[in-house]
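In what follows, a structure is listed as C-alpha cells, so that the remarks can point back to it.
2 protein chains.
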Amino acid sequence: MKLLDIYARMKKDIAYVERELEESVHTDHSMLKETSLHLLKAGGKRIRPVFVLLSAQFGRYDLHRIKHIAVPLEMIHMATLVHDDVIDDADTRRGQLTVRSKWDNRIAMYTGDYIFAKALTIAAQLNDPRIHQILSSAIVELTVGEIEQIRYFYRTDQTLRHYLLRIKRKTALLIAISCQLGAVASEADEDVHNVLYRFGYNVGMAFQIRDDILDLTGTEKELGKPPGSDIRQGNITLPVLYALEDPQIRGVLLAEIERIRIADGQTDVTPFLKMIRNGPYIEEADKLSSRYIDRAIDALSVLPDIRAKRDLVDIAHFIGDRSY
Amino acid sequence: MKLLDIYARMKKDIAYVERELEESVHTDHSMLKETSLHLLKAGGKRIRPVFVLLSAQFGRYDLHRIKHIAVPLEMIHMATLVHDDVIDDADTRRGQLTVRSKWDNRIAMYTGDYIFAKALTIAAQLNDPRIHQILSSAIVELTVGEIEQIRYFYRTDQTLRHYLLRIKRKTALLIAISCQLGAVASEADEDVHNVLYRFGYNVGMAFQIRDDILDLTGTEKELGKPPGSDIRQGNITLPVLYALEDPQIRGVLLAEIERIRIADGQTDVTPFLKMIRNGPYIEEADKLSSRYIDRAIDALSVLPDIRAKRDLVDIAHFIGDRSY
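Structure below.
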C-alpha cells in the first residue's frame, strides 16, 4: 500500500520526530510525565508531522529546524484531544483509557495546558515571527471551534455552512497550517506556502467528513468505540444534515434525535444509525469529501513534480478512500 | 494613599491597556465574548500590566509596543483563573459568579483556552524571540505549578521548599516576567531585565504569602468568600506549615486537617482557623513575606532613581502591608 511505502521511506525522520516528542514532554514532574507519555504512547498516525516533513521538502529541508514545527503541531493536536475527552466524558480513545478516565478531569485539563505550553516553548525556538502569528491565530480558531461544537450540540436547525465552518476550525485548519508552516520554516517561496495551505485545508475537510462518516458506518471493532458516538454527544454531522433535508425522513429523524437528546445520549442509537445508513446520505457526504480531495490535489498542480508532491497526492487519495 | 496616586498618574495608560484588553477578547462568537467580558469586568488590580508599564520606563517607553506584553500577561493570568475555578469548583471570585458557575465547567475550560490563545496572538506581534521564549517557558512552569498544587492537596508531610516552589510557579513567576518583559520590550539593558525579574519574583512571593495569610485571617466581607477556602480545598499554606512544626499543636492540627479532608472540605473550619490564628504562625509567615519585600527593594538599588523606581518601591511596600 502506497501509504505504508511513504511512511517507510520517511521512517528515519518520523522516528526522529517521535523521539523529540517524547523528550519534549520530559519533566521532573512524575505525574505530568506519566499522563503526557500515556497520551503520546496512545499513538495516532502523526499525520500532522508527516505533512510538515513533506511540505518542508519544497524549500531547504532541514530536519533540525522543521522539528520545531512538526513537534509542536502534534502536541497541540494532543492537547486538544485531552481537553476534548474532558468535554465528551470520553473513557477511551483509540481503544486506550483517556487521561480523564485513568486520572481525572482536573488532571486532564492541566495535562492539556501543560502539553500546549510545552509545544509553544519548542516553536519559540524559531525566530520567524510569521510562524508565531500563524500558529497562535490557528489556535484561537481551534478553541472557537471547540466551543462552537458545544453550542451546536443537538441543534437540528443548523445549516451546512455551520457544519463546514466547525470542521474547518476543529480539524482542517491545523492540517492546513502543518503544510503551510512546513514550507515557511524551510523558507520556500510565499506562493508555495499558500498552495500548501490550500492543499492542507482541503485534505483536512475531507479527513473530518470521512471521520464523521465512519462514526456512522463503522463497527465497534474498527472504531475502537461504539458507532454513533457523535450523535450520542449531540454532534450533528454531514450525513445527518443531508438526511434532515430529506422530507421523507425528516419527521422521524427529528423525533429520534430528540429521543437521544432527552436520554442525554445514554440510549440505544441503532434506530438512528439505520435511518442514516439506509438512505443516500452517506454517499452524498462521501461525494463532498471526494470533492475536497480533488481540490487539494488540484492545488498542488503548480508545484514542481518532486517525490514529496507525489506523496502528498497519495496521502490525499488515501484519506479520501479511507474506510478503516 | 501612595498606591492610588500611582494608579492616578498612570490612569491614561492603564485605561488604554483596559480598552485593548476588551478589544482583544472581541469575537463574533457571542458566548465567548460574553464569558470573556464577564471575566474582564470582574476586574482585579491589573497588577501585572502595571508592572509592565513601570518596568518599561527603564528603557524606551512606547505604549504601542509594550501593550503587546501588558495585555497578554493579564490575559494569561485571567485564563489561569478560569481554569483554577474549574479545579476549585469555585462559584464566586471577588464576589462575582465564576464562568463555571454562570455557564459550566466545559465552557470555562474552553474560555480559558480561548483567552490564552488570544493572548499569544497579541504577543506574537512582537518580533523579539526572547519574548516568546520567556513567555512560553513561564507558562510551562505555571501549568506544572497548577498540577503540583493538586498533588499536594492535604499533604501535611510537605516541606517549606515544596510550598515556596509552588507559589513561585503559581504566582511569582508571572509577576517576575511582567517586570522582565516590560524591560525587554522597551529595549532596556540586559542587566536591567534581570534586576526587574528579581524584583518581580520577590514581590510575587510576598504577594502570594500575604494572600495565603489573608485567607486565614480575613472576614468573608473582606475576602468576597469565606475564610479558610484554602484548607477546604486541601491547600496547605505557609502559616499552616509553621503550625505543623510546632509540637504543642501538631497532633490536634493533623487530626483537624484529616477531619476536613474526610469531609472533602464541606465542614465548619472555624476550629482550624482558631488554631492557626492563636499561635505565632501568621506573624512568622508575615516575617517571611517582609523579607521577600526587602529583597525586592534591594534588587532595585542598582537602577537609576527615576519615578518608576520609586513607584515600584511603593507598590512593593503596599503589597507587604496589604490587609484588605
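Heads up: the sequence lines are chains L and D, in that order.
Quick note on the working numbering: the first sequence kicks off at 1 and runs consecutively.
Quick note on the working numbering: the second sequence kicks off at 1001 and runs consecutively.
Cβ coordinates follow ideal geometry from the N, Cα and C atoms, glycine included.
Check: Among Ala-1056/D, Leu-1254/D, Gly-1320/D and Gly-1228/D, nearest to Val-1192/D - alpha-carbon criterion; Outcome: Ala-1056/D
Check: Reduced DSSP category for Thr-92/L - H, G, I as helix; E, B as strand; rest coil; Outcome: strand
Check: C-alpha gap between Glu-1074/D and Pro-1129/D, whole angstroms; Outcome: 20 Å
Check: For Leu-97/L, three-class secondary structure by DSSP; Outcome: strand
Check: Assigned exposure category for Ala-176/L - 16 Cβ within 10 Å defines buried; Outcome: buried
Check: Interfacial residues, the segment 1152 to 1183 of chain D to chain L, with Cβ spacing under 9 Å; Outcome: none
Check: Residues that Lys-1118/D contacts on chain L, provided the C-beta gap is smaller than 7 Å; Outcome: Val-140
Check: Closest Cα partner of Thr-35/L within the set Val-82/L, Ile-131/L, Phe-51/L and Pro-72/L; Outcome: Val-82/L
Check: Test item: CB-CB of Ala-243/L and Met-205/L under 7 Å; Outcome: no
Check: Beta-carbon neighbours of Tyr-114/L, restricted to chain D and to distances below 8 Å; Outcome: Val-1140, Thr-1143, Val-1144 and Ile-1147
Check: Proximal chain D residues relative to Ser-137/L, where beta-carbon distance stays under 7 Å; Outcome: Thr-1121
Check: Pairwise C-alpha distance: Phe-51/L and Ala-8/L; Outcome: 15 Å
Check: Cα-Cα separation, Val-1071/D to Glu-1020/D; Outcome: 7 Å
Check: CA-to-CA distance, Pro-49/L to Asp-5/L, given in whole angstroms; Outcome: 16 Å
Check: Element boundaries [alpha helix (DSSP H), containing Phe-1272/D]; Outcome: 1270 to 1278
Check: Interface residues of the segment 1015 to 1039 of chain D facing chain L [CB-CB below 8 Å]; Outcome: Thr-1027, His-1029, Met-1031 and Leu-1032
Check: With 16 other Cβ atoms within 10 Å as the buried cut-off, status of Leu-126/L; Outcome: buried
Check: Cut-off 6 Å between Cβ atoms - residues of its own chain near Arg-1100/D, not counting five sequence neighbours on either side; Outcome: Asp-1085, Val-1086 and Ala-1108
Check: Asp-215/L vs Ser-229/L beta-carbon contact at 7 Å; Outcome: yes
Check: Expected contact under 8 Å - CB spacing of Ile-1122/D and Ser-1024/D to nearest Å; Outcome: 6 Å
Check: Member of Pro-280/L, Ile-319/L and Ser-301/L whose CA lies at the smallest distance from the CA of Leu-238/L; Outcome: Pro-280/L
Check: Counted within 10 angstroms of its Cβ, other Cβ atoms place Asp-113/L as buried (16 or more) or exposed; Outcome: buried
Check: Chain L contact for Tyr-1197/D (CB, 7 Å cutoff); Outcome: no
Check: Spatial distance of Leu-241/L from His-38/L (CA atoms); Outcome: 36 Å
Check: Three or more C-beta pairs below 8 Å linking the segment 1133 to 1148 of chain D and the segment 1179 to 1193 of chain D; Outcome: yes
Check: Contact set between the segment 1062 to 1088 of chain D and chain C, restricted to residues whose Cβ is under 8 Å from the partner; Outcome: Protein chains L and D are contained in the structure displayed, whereas chain C is not.
Check: Cα-Cα separation between Ala-263/L and Glu-18/L, rounded to whole angstroms; Outcome: 42 Å
Check: Secondary structure of Asn-127/L, DSSP reduced to three states; Outcome: coil
Check: DSSP state of Met-109/L mapped onto helix, strand, coil; Outcome: helix
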